[in-house]
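Under the numbering used here, the first residue of the sequence shown carries the number 95, and numbering increases by one thereafter. Below: the structure, in C-alpha cells.
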Amino acid sequence: MCLFTEKDFHGDYFRSTGDTRKPWVAKAKTYSKKDYWARNFSSSSELEWFISITIYFFFTLGASVKIMLTHGLTPSSLLTLAHSTTLSPQSLTMGRTLPTTALAIIANTPQLLLSLAYLLSNRLVTALALSREWSAYATGPAHKPLRTTHPRGQQRSTYWLQIPYRFALPLLAASALLHYLTSQALFFAEIRVFANMGGEDGRPVVAADVAGLGSSNAAMLALAVCATGLIV
C-alpha cells in the first residue's frame with residue numbers, strides 16, 4: 095500500500111543537496127512521533143478549520159457585544175444577568191415593526207448556523223479520529239488490529255457511529271446545549287394584554303398586542319462561554 099501523496103513527490107523528500115532530483119527508491123517512509131498532532135490536524139483542510147472556528151467565534155462575539163451594550167462587563171453587572179430573564183413588553187426591543195414570519199426566520203437563523211457548525215465539527219472530529227486510528231496501526235506500545243464488519247480472531251468490530259463514542263457523545267451533547275442556549279438567548283415572543291372587561295358577547299378583548307424578538311442576557315453569557323470552550 096502506497097501512502098505517498100503528491101506533496102511528498104514535489105517536496106524535499108526526493109530532493110538532494112544539489113537541488114536535483116534523487117532517483118526514486120522504493121523504501122519505507124519513517125514517521126516520527128513529534129509530527130503526530132501535525133498529521134492529525136492536517137487531515138482536514140485549513141478552510142474547514144477556518145469556517146468552523148469562525149461560526150463559533152460569531153456566536154461568542156455576538157453574545158459578548160449584546161451583554162456589553164445592555165449590562166456592561168463589570169462584576170456587579172454580570173451578577174444581575176440571572177435576574178434579567180423576565181419577559182415584558184420592554185424586553186422586546188428588536189423587530190417590533192417586522193411581520194411575524196420575518197421575526198420567526200430571524201430568531202431561527204442562528205439555529206441554522208449551529209446545524210452547519212455541527213456538520214463541520216463532525217467532519218473535523220471524524221477526520222481526526224480516522225487519522226488517530228490510522229496512526230495507531232503502526233505506533234504506540236501495542237499495534238492495534240484492523241476493524242471489520244464481522245471480526246474474527248484479534249480483529250475489532252466497526253463503530254455504529256462514524257466516530258468513537260468518547261468523541262461522538264460529547265459532540266452531540268455540546269451541540270444540543272448550544273441549540274438550547276441559542277433558543278433561550280434569542281427568541282420570538284408575542285405579548286397580548288386583555289382588558290378587564292370582556293366584549294358584549296363575554297369574550298376577552300385584546301387591549302394591546304406586542305410582538306418582537308426577545309433576548310436573555312444570562313443565556314447569552316452561557317452561550318458565549320460554551321462557544322469559547324469549543325473554540326479552545
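The beta-carbon is built from N, C-alpha and C at its ideal position, and this holds for glycine as well.
Quick one: what does DSSP say Ser171 is sitting in, helix, strand or coil? At Ser171, the pLDDT of 49 sits below 50, so the modelled position is not reliable; the number obtained from the coordinates is stated separately. Helix, per DSSP.
Where does Ile257 sit, in a helix, a strand or coil, going by DSSP? Here Ile257 sits in coil by DSSP.
DSSP state of Ala196 mapped onto helix, strand, coil: It is helical.
Per DSSP, Ala283 is paired with what? By DSSP's assignment, Ala283 forms a beta bridge with Gly306.
Buried or exposed for Gly308, please, with buried defined as at least 16 other CB atoms from any protein chain shown within 10 angstroms of its CB. Around the beta carbon of Gly308, 16 or more other beta carbons sit within 10 angstroms, so the residue counts as buried.
Whole-angstrom distance between Leu155 and Pro264, CA atom to CA atom: When rounded, the distance between both Cα atoms is 23 Å.
Environment of Met162 [buried if 16+ CB atoms lie within 10 Å]: The residue is exposed, with fewer than 16 neighbouring Cβ atoms inside 10 Å.
Check this for me: beta carbons of Leu218 and Ser138, under 8 Å apart or not? Cβ atoms of Leu218 and Ser138: closer than 8 Å.
Is DSSP giving Ser138 helix, strand or coil here? Coil.
Does Arg250 come out as helix, strand or coil in the three-state DSSP assignment? Secondary structure of Arg250 (DSSP, three-state): strand.
Output the distance between the C-alpha atoms of Arg226 and Leu213, rounded to the nearest integer angstrom. Linking Arg226 to Leu213 through their CA atoms gives a straight-line distance of about 20 Å.
For the stretch 189 to 201 and the stretch 238 to 246, state whether three or more C-beta atom pairs, one from each stretch, are separated by less than 8 Å. Judged by Cβ distances under 8 Å, the stretch 189 to 201 makes no contact with the stretch 238 to 246, as fewer than three pairs qualify.
Smallest Cα separation from Ala289: which of Ser251, Leu266, Phe281, Pro298? Minimum Cα distance to Ala289 is reached at Pro298.
Quick one: what's got a C-beta closer than 7 Å to Leu324's C-beta in the same chain, skipping five residues either side? Once the five neighbours on either side are set aside, the close Cβ partners of Leu324 are Tyr150, Ala268.
Among the residues of its own chain, which have a CB less than 7 Å from the CB of Ile56, if the five just before and after it don't count? This structure cannot speak to residue 56, because the chain is shown only from 95 to 326.
Taking Cβ to Cβ, would you say Leu272 is nearer than 8 Å to Leu317? Result yes, Cβ atoms of Leu272 and Leu317 sit closer than 8 Å.
What is the DSSP secondary structure of Thr243, counted as helix, strand or coil? Thr243: coil per DSSP, three-state reduction.
So which of Gln278, Thr252, Ala196, Tyr259 has the shortest CA-CA distance to Ala305? Nearest to Ala305 by alpha-carbon distance, out of Gln278, Thr252, Ala196, Tyr259, is Ala196.
The alpha helix (DSSP H) spanning Thr322 covers which residue range? Residue range 311 to 325 is occupied by the alpha helix (DSSP H) that includes Thr322.
Would you please state the rounded distance, in angstroms, between the beta carbons of Ala157 and Ala283? I believe it to be under 8 Å. Not quite, the Cβ-Cβ distance comes to about 18 Å (not below 8 Å), so this is no contact.
For Asn216 and Thr148, I'd like the C-alpha separation in whole angstroms. If you take the alpha carbons of Asn216 and Thr148, they lie about 16 Å apart.
Please work out which residues of its chain come closer than 6 Å, Cβ to Cβ, to Leu275, disregarding the five sequence neighbours upstream and downstream, and give them in chain order. Correct list, in chain order: Ala313, Ala316, Leu317.
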